[in-house]
Amino acid sequence: MSSPERVPVVIAGAGFAGLSTAMFLGTHGVPALVVERHPGLAEEIKARGVFPHAMEALRIGGVADRVHAAAGWRSAGDLAVVVADRLAGPVLRTVVAAADMPEITPERLSLASQGQVEPILADRAVELGAEIRFGTEVVRYEQDDDGVTVCLRQSGVEYQVRADYLVAADGWRSGIRDQSGIALRGRGVLGHMLRIFFEADLTAELAHLDGVAEGRRFALVHLVSAGNRGTFYTTGTPGRYGYFRSLTRHPGDYTGCDFAEMVRTGLELPDLEVAVVDVGETAFACDVAETFTAGRVLLVGDAAKVVPPTGGLGGTTAIMDGFYLAWKLAAVVTGQAGTSLLATHDAERRPVAEMIAEQQFAALVTRAEPGLADGTSVVPLDPATQAFGYRYATGGAVVREPGDDGALIEDPLAPTGRPGSRAPYVRLADGTSTTALFGKGFVLLCDSDSGSDHSWERAAAEVAERVGVGIAVHVIDDPEWHKKYGVGTGGAVLVRPDRFVAWRSTGSDSAADLEHAMRVVLHRTA
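The letter at position 14 of the sequence shown is residue 178 when you use the working numbering, and the numbering goes up by one with no holes.
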């Protein structure tokens with residue numbers, strides 16, 4: 165019997181999470197095999213909007229401009245969540261769920277749809293060395309101390325692939341997660357919604373929502389007219405919209421239904437001409453996996469958590485799962501990091517997923533489904549804080565400072581620069597910003613007061629040689645960076661490849677301290 169094909173990483177699922185993981189692994193020089201059971205990328209009409217923090221990651225992946233081009237550049241683009249009595253009004257409340265955040269990032273919100281973004285991710289992943297096999301599913305897997313043997317099925321034929329690691333990006337009903345024995349924790353299925361995609365001329369009815377009819381804004385409109393609740397939303401195609409009927413506890417029987425009439429009734433527009441494009445039923449759930457790792461199996465995207473689609477964070481978080489996992493997985497696969505680094509995928513990402521799940525559930529209750537209220541409550545976080553304010557204070561891949569309170573959240577408009585927080589955004593004198601410095605590897609920020617002998621630069625070179633991992637050094641003399649990063653003159657800050665602060669020194673250079681920090685972050689004992 166011939167030996168199985170060998171690849172570094174197998175990724176199950178070619179959605180946002182799987183394709184992002186493959187693309188970002190490629191930026192670190194690690195090729196992945198992506199398998200997708202469907203014959204191609206999903207063609208159903210999907211969510212719209214990629215948040216600015218995900219656009220930062222996509223720029224590192226080399227596709228941000230492609231994504232913006234797919235949506236078209238719009239100077240006033242944002243994502244508005246509206247609560248209204250009826251589609252034509254009156255509007256009861258408007259929440260901007262996502263918009264440009266110029267004080268936090270130079271990247272802009274993209275109004276591209278998931279259907280527009282996924283082909284871009286797939287193309288880029290292949291450009292960077294990935295292979296995508298459609299019509300191929302994971303049947304089962306077995307792992308041992310040296311790797312994972314994955315049994316695949318394509319056109320009815322089963323064969324084996326040997327990999328170092330298996331990434332489960334196979335969705336909410338993940339078969340890999342189930343085989344791994346990982347349970348979901350949360351509220352489970354909240355209900356079922358009939359979704360209808362349709363085409364109609366709603367120019368007049370949307371005129372009161374600035375920029376929506378013209379496509380400058382994405383709108384999710386919760387209709388709360390007594391006895392006729394539902395949700396309307398725009399898509400990436402002008403004149404094409406989606407309508408969700410209110411949640412039901414059990415799947416419905418829609419045999420023989422007049423879906424166009426359902427739209428007219430739901431929107432309270434009895435004379436509207438409606439062309440139905442697609443109909444389906446969607447289960448809404450709110451769950452987080454009890455762990456994101458099981459030996460050599462790692463969960464991302466909906467396999468790790470599923471949240472109600474109330475603010476556009478589900479797809480964006482899937483992209484970020486791939487971004488945050490890829491640098492760690494690449495470091496382990498290439499021998500730069502200890503295998504225990506991958507345990508921090510659970511320690512760092514699961515608390516964030518749990519926070520987002522609670523925020524999205526609370527938003528669903530307050531905006532659309534008050535009947536789901538279960539007595540729990542959370543302090544609502546604004547979109548900027550949900551996207552940029554979370555910390556990895558206790559995950560094990562940062563050098564925690566004495567006195568750190570371990571808080572999961574901080575205000576991104578008042579950053580502290582503490583280890584475990586996102587490296588703050590600082591505009592630089594040359595017109596760029598600190599965000600342009602991060603993403604390819606480790607970065608050490610310092611100022612010219614480190615001495616005429618460039619001591620921090622020398623220390624970084626020495627440590628990089630001893631550890632075997634590159635450290636790019638950038639000298640910044642803008643006083644704002646001292647304030648935002650919490651260091652004085654002569655200090656330095658080590659930033660991880662995912663743009664999170666790993667360690668900082670408030671005093672003069674110390675190659676020994678820098679080397680210790682690198683070994684802690686990489687889980688290296690030698």
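Positions of the beta carbon are idealized from the N, C-alpha and C atoms, including for glycine. Values in this document were obtained by computation on a predicted structure and should not be read as measured data.
Which of helix, strand or coil does DSSP assign to GLY279?
Here residue 279 refers to the residue found at position 115 of the sequence shown. GLY279 falls in the helix class under three-state DSSP.
MET357 - partner residues in DSSP beta bridges:
Along the sequence shown, read from residue 1 onward, the residue named residue 357 stands at position 193. According to DSSP, MET357 bridges with THR446.
Quick check: the Cα distance between GLU626 and CYS450, rounded to an integer number of angstroms?
Position 462 of the sequence shown, counted from the start, is the residue given in the question as residue 626. Position 286 of the sequence shown, counted from the start, is the residue given in the question as residue 450. Straight-line Cα distance between these residues: approximately 48 Å.
Would you check if the distance between the CB atom of LEU316 and the CB atom of ARG341 is smaller than 9 Å?
Here residue 316 corresponds to residue number 152 of the sequence shown, with the count starting at 1. Here residue 341 corresponds to residue number 177 of the sequence shown, with the count starting at 1. Not in contact: LEU316 and ARG341 (Cβ atoms no closer than 9 Å).
Taking only the alpha-carbon atoms, compute the straight-line gap between PHE362 and ALA286 and give it to the nearest angstrom.
Translated into the one-based positions of the sequence shown, residue 362 becomes position 198. Translated into the one-based positions of the sequence shown, residue 286 becomes position 122. Roughly 28 Å between the two C-alpha positions.
Over the uninterrupted alpha helix (DSSP H) stretch that includes TYR488, give me the two end residues.
Here the question's residue 488 lines up with position 324 in the sequence shown. 477-497 is the extent of the alpha helix (DSSP H) around TYR488.
With a CB to CB cut of under 7 Å and the five nearest residues on each side skipped, what residues in its chain are close to ARG304?
One-based indexing of the sequence shown puts residue 304 at position 140. Cβ neighbours of ARG304 beyond the five flanking positions: CYS315, GLN343.
Cutting at 8 Å between CB atoms, please list the residues of its own chain near ALA681, excluding the five before and the five after it.
Residue mapping note: residue 681 aligns to position 517 of the sequence shown, counting from 1. Taken in chain order, the residues that qualify are VAL563, LEU658, ALA666, TRP667.
Could you check the C-alpha separation between ALA240 and PRO473 for me, to the nearest Å?
Position 76 of the sequence shown holds residue 240. Position 309 of the sequence shown holds residue 473. Caution is warranted here: a pLDDT of 43 is assigned to ALA240, below 50, making its placement in the model unreliable, and the coordinate value is therefore given only provisionally. Distance between the alpha carbons of ALA240 and PRO473: 23 Å.
Is the region 346-353 touching the region 451-459 in the sense that three or more CB pairs, one from each, lie closer than 8 Å?
yes
Can you check DSSP and say which residues form a bridge with TRP667?
Counted from its first residue, the sequence shown places residue 667 at position 503. Answer is LEU658.
Could you give the residue range of the alpha helix (DSSP H) that holds ASP342?
The sequence position of residue 342 within the sequence shown is 178, counting from 1. Residues 339-343.
If the criterion is Cβ atoms closer than 9 Å, does the pair LEU609 and ILE640 meet it?
Along the sequence shown, read from residue 1 onward, the residue named residue 609 stands at position 445. Along the sequence shown, read from residue 1 onward, the residue named residue 640 stands at position 476. A contact, by the Cβ cut-off of 9 Å.
Could you give the residue range of the alpha helix (DSSP H) that holds LEU431?
Position 267 of the sequence shown, counted from the start, is the residue given in the question as residue 431. Here the alpha helix (DSSP H) through LEU431 covers 423-431.
On the DSSP letters alone, give me the boundaries of the beta strand (DSSP E) that GLN307 sits inside.
Here residue 307 is taken as the residue at index 143 of the sequence shown, counted from 1. From DSSP, the beta strand (DSSP E) with GLN307 extends over 300-308.
Do ARG586 and GLY650 count as a contact pair if the criterion is CB distance below 9 Å?
Within the sequence shown, numbered from 1, the residue matching residue 650 stands at position 486. Within the sequence shown, numbered from 1, the residue matching residue 586 stands at position 422. Taking 9 Å as the Cβ cut-off, GLY650 and ARG586 do not qualify as a contacting pair.
Distance, ASP568 Cα to LEU330 Cα:
Position 166 of the sequence shown, counted from the first residue, corresponds to residue 330. Position 404 of the sequence shown, counted from the first residue, corresponds to residue 568. Each residue's Cα considered, the two are about 34 Å apart.
Looking at the strands, I want to know which residues DSSP matches up with ILE175.
As a first step, residue 175 is located in the sequence shown; it is residue number 11 there, counting from the start. For ILE175, which the question treats as bridged, DSSP gives the partners VAL198, VAL331.
Burial state of LEU183, where buried means 16 or more other Cβ atoms lie within 10 Å:
Translated into the one-based positions of the sequence shown, residue 183 becomes position 19. So LEU183 counts as buried.
For PHE602, the first and last residue of its enclosing alpha helix (DSSP H):
Residue numbering aside, residue 602 sits at position 438 when the sequence shown is read from its first letter. No alpha helix (DSSP H) holds PHE602; DSSP gives it neither H nor E.
The alpha helix (DSSP H) with TYR405 in it runs from where to where?
For the purposes of this step, residue 405 is taken as residue 241 along the sequence shown, with counting starting at 1. Careful: TYR405 lies outside any alpha helix (DSSP H), inside the beta strand (DSSP E) at 404-409.
Cβ of VAL651 within 8 Å of any heavy atom in the ligand MG?
Among the components modelled here there is no ligand, and therefore nothing to report on the ligand MG.
Closest to THR399 by CA distance: which of ALA244, GLY339, GLY293 is it?
As a working note, residue 399 is residue 235 in the sequence shown. For THR399, the nearest C-alpha among the options comes from ALA244.
Paired residues, beta bridge with SER597 - DSSP:
For the purposes of this step, residue 597 is taken as the residue at position 433 of the sequence shown. Paired residue(s): ARG591.
Give the secondary structure of TYR554 by DSSP, where H, G and I count as helix, E and B as strand, and everything else as coil.
As a position in the sequence shown, residue 554 is number 390, starting the count at 1. Here TYR554 sits in strand by DSSP.
Have a look at ALA252 and HIS372 and give me their C-alpha separation to the nearest angstrom.
Taking the sequence shown and counting its residues from 1, the one referred to as residue 252 is at position 88. Taking the sequence shown and counting its residues from 1, the one referred to as residue 372 is at position 208. Computed Cα separation, rounded: 7 Å.
Give the secondary structure of GLU291 by DSSP, where H, G and I count as helix, E and B as strand, and everything else as coil.
In the sequence shown, counting from the first residue as 1, residue 291 sits at position 127. Reduced to three states, the DSSP call for GLU291 is helix.
Quick one: what's got a C-beta closer than 6 Å to ARG508's C-beta in the same chain, skipping five residues either side?
Here the question's residue 508 lines up with position 344 in the sequence shown. According to the sequence shown, residue 508 is Thr rather than Arg. GLY559, GLY560, ALA561, listed in sequence order.
The beta strand (DSSP E) spanning GLY311 covers which residue range?
For the purposes of this step, residue 311 is taken as residue 147 along the sequence shown, with counting starting at 1. Start and end: 311-318.
Enclosing beta strand (DSSP E) for GLY190 [first to last residue]
Translated into positions along the sequence shown, residue 190 becomes position 26. That residue, GLY190, is in no beta strand (DSSP E); its alpha helix (DSSP H) goes 180-191.
Between the alpha carbons of GLU679 and VAL631, how many angstroms are there, rounded?
Looking up residue 679 in the sequence shown gives position 515. Looking up residue 631 in the sequence shown gives position 467. Looking at the two C-alpha atoms, the distance is approximately 8 Å.
For SER612, name the three-state secondary structure that DSSP assigns.
Residue mapping note: residue 612 aligns to position 448 of the sequence shown, counting from 1. Helix.
Per DSSP, what are the beta-bridge partners of ARG531 in this structure?
In the sequence shown, residue 531 corresponds to position 367, counting from 1. Looking at the DSSP assignment, ARG531 forms no beta bridge with any residue, so it has no partner.
For GLY154, count neighbouring Cβ atoms within 10 angstroms of its own Cβ and tell me buried if that reaches 16, exposed if not.
The chain is shown from 165 up to 690; residue 154 falls before or after that span and cannot be answered.
Alpha helix (DSSP H) containing ALA507: first to last residue?
Within the sequence shown, residue 507 is the residue found at index 343, counting from 1. Note, ALA507: premise wrong, no alpha helix (DSSP H); not H, not E.
Are the Cβ atoms of PHE188 and GLY225 separated by less than 9 Å?
The residue you call residue 188 lines up with position 24 of the sequence shown. The residue you call residue 225 lines up with position 61 of the sequence shown. Cβ distance < 9 Å, so PHE188 and GLY225 count as in contact.
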